Structure formats: C-alpha cells, structure tokens
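Here is the structure we will look at.
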Amino acid sequence: MSKNLIVTTTINPDLLLKIYNSNIEELVKVVVLTLDYKPIELFNNRNQKSQRTNKLSMFDVAGLIVTTMKNPDDETAKPIKMKKMILAQDVSLLTENNVDLLCLGGTFDILPNDLILEKYKNIKEIKNTTLEELDKFLELPKNESSIKAYLKLTDYFSVKNYFNNNNVLKLLDHKSEALNVAKKTLIKSIIAWQIRK
Amino acid sequence: MNTKELKEKQNNLSFFLKYVDVSKIIVLKNINEENRKLKNIQYLKTTNFNFLKKANDKWPDLNLFDKMKKGEQPKKLYFLIDPEKIDDISVIMLKKLQELLSKNITQDDYVITFGEHSNLMAQKLELNVIEKFPLEYYTNLDHFSDLTASIIDLGTKNNIFNQVEIILSNIEFSQNELIKRVLFPLDHEKIDMVEFDEKKFEDEEVMESLNNKDVYNFIKIYKNIDITKIVWEPNITFFASQMKNIIIKQIINEAKTKAKIEQLRLEFKLLEEKKNKLLEKQELLIRNFNRIRKEESTIQSLLLHSAFKVSEQEPMPPLMNIKDNKGGS
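Taken in order, these protein sequences are the chains called X and Y.
All residue numbers for the first sequence refer to this note's numbering, where the first residue is -9 and numbers rise by one.
All residue numbers for the second sequence refer to this note's numbering, where the first residue is 401 and numbers rise by one.
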C-alpha cells in the first residue's frame, strides 16, 4: 500500500482515532480549505513522477474534508467510503516529493454530517444562510453573533485601543473571537465546496 | 471464635486479596497505556524541537527561540494548578505548593490559577493573580493546552511577560518535587529530550499499534527534511511561532500525562500496602485457626480418653453424645 498522504495529530496521537483508524481504514483524499489560499486537494495515490517543490505551510485554522475508505483491500467485504468535515487549529502541511504530511497541532471539531446534508437539499437556502445560523456548531455564546464578534474585532484594532490595550486576557478574548469568525467562514467554504462538486 | 467463623473470615480475606490483585493488574495496565502515550508525545516533541533548532541554527539572526536580550528584565508568569481531588495526599502537595510559592514567586510576577485552592493560596500570599479559571479548564486537556498556549503567545508577543512556567499539584516521585515545566522561552536544557532510536523502535512490538506507526512516519519525514530546500508558507517567523505553540502544548500534555502516571503509581503503591496488610492479617488468621484446631483436638482426645475410661466401666459407650458435643463446640 503506497502512502503518499499521512495525517497525524501531534499534540495527542490518540486523537487521530476520532478522524480515522489507520489500521482498518485508508485515506483516499483530503481537501484543505484555508482563508488565505486556494483549496488544496491531496490524494493518497498520486502520480509519483511529478516533481514538486518542498513546502511547509502553516495555518491558524483550516477546514478539512477527509475521505477515507474502509476495507480497501478486503475482497469479501464491500468498501465503505466515509467523509468527515473537520475544523482544525494550528495545522501544518508539509509537501515533499512523494509525501504530504498533514499535522493537526491543536484542537479540532468534527462537523456533524447532518449540517451538510440539510444544506444539500435546498441550494437556495445556502445563499441565504447567515453566519449566525452556523453559530450553534461552534461553542460560542448564543447571544453573540459572528457579525457582532467581527465588529468587536474591528473595534479593537482601532488605533486608540491598540495602544491602550495591554491586558493579555482581553487580547485572548479578541483572538478567540477572530478564530471563531474564521471558523464560521470556513464552515461556509466547506459547504460551498461540497455543493460545487 | 470457633473454626467455622474463622474459616468464613479466611474466605473473605482471600476474596479481598484476589480483588486487590485484580485492581493491581488494572492499574498496571493503565500505567502501561499512559507510558505509551508519554513516549509518543516525547518523541513528537523532541522531533519538533530539533526541527525548529535546525532552522534556528541556520538563521540565528531571526531569534526563533525568543532568547532574552541583554539588559532585559525578566517578567514571569506562572500557571498554578489545583490537585484534581482533595484527599490526604493532595493536602501534602498543596503544602508543597505553598512552600514553593512563598519561596520562588514574588509579588511582581503574574499568576494565573486553575482551581479554588491555588487561587486562595495565591491571594493569601498577596501574589499578583491576573486571572482565575475553574479547575474544569484543566481537566479538559485540549482546551487547556490551547488556552495556555494562546495566553503565552499573546503575552510574549506584546511584551507583557517573557518567562512562563507551569506548576502542577502532583509530585514527581523520582525527584520528590512538584511537576514543573518551563513553557517559555523554550530552552534546550530545560526540555526533557527523548531521542528516537529507530532500530529499537522497529523491534518493539508496540510498533503494531496504530499510533506508533503514525508517530514513526512523522519522525522519519521530519528528520530527513533538508531545510535549505524548503519554501516556508507564509514565512519562517510565522512557522516558528506556530511550531513553538505546538511544542508548548506538547510539553503541557506531557506534564499532564506524567502527573497521571505518578498518580497511578501512587495508587499502585497503596494497593501493594493494602495487600501486605491483608497478607499479615491472613497469616494471623491461619495461626489463630491452627491454635484453635489444636485446642479442639486436645479437647477431643481428652473426651475420647475419658470415653474409653467410661467404656471400661460400662458396656454401652455414649458415643453419639460425644459426636454431638463435637459439632456444637
């Protein structure tokens, strides 16, 4: 079995089981969606001849669509394809000649499949989905919409506040809000990616 | 106490002994599992650290490890963690923590506490507590390491503090000290490096298990990267800051796993003590049992003896009565 694609959880290796069990499942494909770059598609069985530059990319947050296959080699059993949508923090992607190594260096949430399925039914709905509606899939205070969070952020980056604010914990709040906004945008990207296919 | 009661007691004791044995096996199994996790994390941490070090050695001007500049005042931040439950042992640990706090931490240092006890303690000593979190934040590991890493990241980048240490209320038995880890700045000497021995790793049976295979691949790839031929995206400083974040999280995770192992070891020791006590009790019981049986047999022989004497005088010996007496004694 050729392995061009490896996924690890570097903080706690046991957490990988939440995504897939590499003993009985095989990775087929991972799509990495980020805020700054185009979607990156990684395949397990890639043409090895293609020459690529070595690259190490780091992302604060990334949306991952992981496709795995159960029983890939077993002829008696039916292969089962599984798809998982993940929001991960502190993701690094190392691209070498033959290998793509994706490391999740922080916490990650697996999005419920229902979320995507529901949205599939009516594409019109998607266009009208506000970010607030996606709030419940993140551990966010319910009374605060992402728009509000975003406004707070821009507030914070006003010149006056930037110089006065030296309290770490306030900074922490702002950072987590920024992360949440980023995650919500990524949820939309994930859904959009699914629909485009 | 008669033989019947003694026998019952002995049965109970042997049941408890077996129970303790089973518990010991379970604890041992857990220790093994935690040890495996610890090893994995240490391998990963060491690999990450070495990789960052390689980049730092290559481009020393970038100061990827945030070494303090000359003349810079140290501003320290401490994370204090409560014991997970309060019992006889954790009371001792809290005392140790108090000693450490009054000795090492000054009122100029920043303190962030997790849990009520350490918070009260810090306030009594009039330390500069900038935030108190509930202990649950610590128990949920993923969130905890993310939170602490974020605080360190933001605080150090904004020059609020430049040295960070975490202190857990668990004793490291080999050193008889509380578990402490320096989280910032990352320093080669203060990081417990566990080098990865490829040959040994391949021989080990544990290689079969899922995680080690992934860990193995990770280490092999990262060890063989030629850093001069790499494109950093978006840039190397961002990479370094993220990598440091990850290493800090790994150190926290490692410390927590270590604390768990020490806790389990303690449990194991207590079980062993319990077993020894039970064994002592059992010995005593057996001695008692033998003594009583001896006494009974002397009574029996006396009875038989007297019965013979009686039978010499009378033709009908009351054997049945003797049997009844035996059963009731």
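Built from N, CA and C at the ideal position, the CB exists for glycine as well.
These figures come from a predicted structure and were not determined experimentally.
Rounded to whole angstroms, the Cβ separation of X:G95 and Y:I441 is 12 angstroms, and the two are not in contact under 8 angstroms. Cα atoms of Y:V511 and Y:I552: separation of roughly 12 angstroms, rounded to the nearest angstrom.
With fewer than 16 other beta carbons inside 10 angstroms of its own, Y:V631 counts as exposed. Taking the C-beta atoms as reference points, Y:N562 is found no nearer than 8 angstroms to Y:E654.
For Y:R581, DSSP records a beta bridge to Y:I566. If you draw a straight line from the Cα of Y:E680 to the Cα of Y:K656, it comes to about 36 angstroms. Counting only residues of its own chain and dropping the five nearest sequence neighbours on each side, Y:L664 has a CB closer than 6 angstroms to the CB of V427, N430 and I431. Within chain Y, the residues placing a beta-carbon under 7 angstroms from that of X:V89 are I621, ordered along the chain. Chain order gives the chain Y residues near X:G96 as D542, S545, D546, A549, N645, I646 and K649, where near means a beta carbon separation below 9 angstroms.
Per DSSP, the unbroken alpha helix (DSSP H) holding Y:T539 starts and ends at E536 to T539. The alpha-carbon separation between Y:P534 and Y:S545 amounts to approximately 14 angstroms.
By the Cβ criterion, the region 488 to 502 of chain Y is not in contact with the region 452 to 471 of chain Y, since fewer than three pairs of Cβ atoms, one from each stretch, lie closer than 8 angstroms. Around the Cβ of Y:F415, a 10 Å sphere holds fewer than 16 other Cβ atoms; the residue is exposed. DSSP, reduced to helix, strand and coil, places X:I180 within a helical segment of the structure shown. Setting aside the 5 residues that flank it on each side, Y:K675 is surrounded in the same chain by L417, V420, D421 and K424, each with a C-beta closer than 8 angstroms to its C-beta; the list follows chain order. Taking 8 angstroms as the cut-off, the Cβ atoms of X:V20 and X:I(-4) do not count as close.
Between X:S12 and Y:K485, the gap from beta carbon to beta carbon reaches 8 angstroms or more. With its beta carbon less than 8 angstroms from one in chain Y, X:I1 belongs to the interface. Just so you know, the alpha carbons of X:M75 and X:I177 end up roughly 9 angstroms apart.
Counting along the chain, the unbroken alpha helix (DSSP H) around Y:A522 starts and ends at E516 to K524. Around the beta carbon of X:F98, 16 or more other beta carbons sit within 10 angstroms, so the residue counts as buried.
With a threshold of 16 other beta carbon atoms within 10 Å, Y:E662 meets it and is buried.
With respect to chain X, the C-beta atom of Y:D614 has a partner C-beta closer than 8 angstroms. With a threshold of 16 other beta carbon atoms within 10 Å, X:T43 falls short and is exposed.
Taking the Cα of Y:S641 as reference, the smallest distance to any Cα among Y:D457, Y:S550, Y:F668 and Y:Q498 is reached at Y:S550. DSSP, reduced to helix, strand and coil, places Y:Q473 outside both helices and strands of the structure shown, so it counts as coil.
The beta carbon of X:A52 sits closer than 6 angstroms to the beta carbons of V22, T24, A78 and V81 from its chain, once the five residues preceding and following it are set aside; these are given in chain order. Burial check for X:R186: the Cβ neighbour count within 10 Å stays below 16, so the residue is exposed. Nearest CB-CB separation between X:I76 and chain Y: not below the 8 angstroms threshold. Beta-bridge annotation (DSSP): X:Q79 is paired with X:V51. With a threshold of 8 angstroms between beta carbons, X:D99 makes no contact with chain Y. Just measuring C-alpha positions, the residue of X:K45, X:K71 and X:V89 sitting nearest X:K60 is X:K71. Cβ contact annotation for Y:P483 (same chain, cutoff 6 angstroms, sequence separation greater than five): S490, M493 and S569, in chain order.
In this structure, the straight-line span from the alpha carbon of X:N103 to that of X:K73 is close to 9 angstroms. Beta-bridge partners of X:L84 (DSSP): X:L46 and X:L91. Around the CB of Y:K658, 16 or more other CB atoms lie within 10 Å, so the residue is classed as buried.
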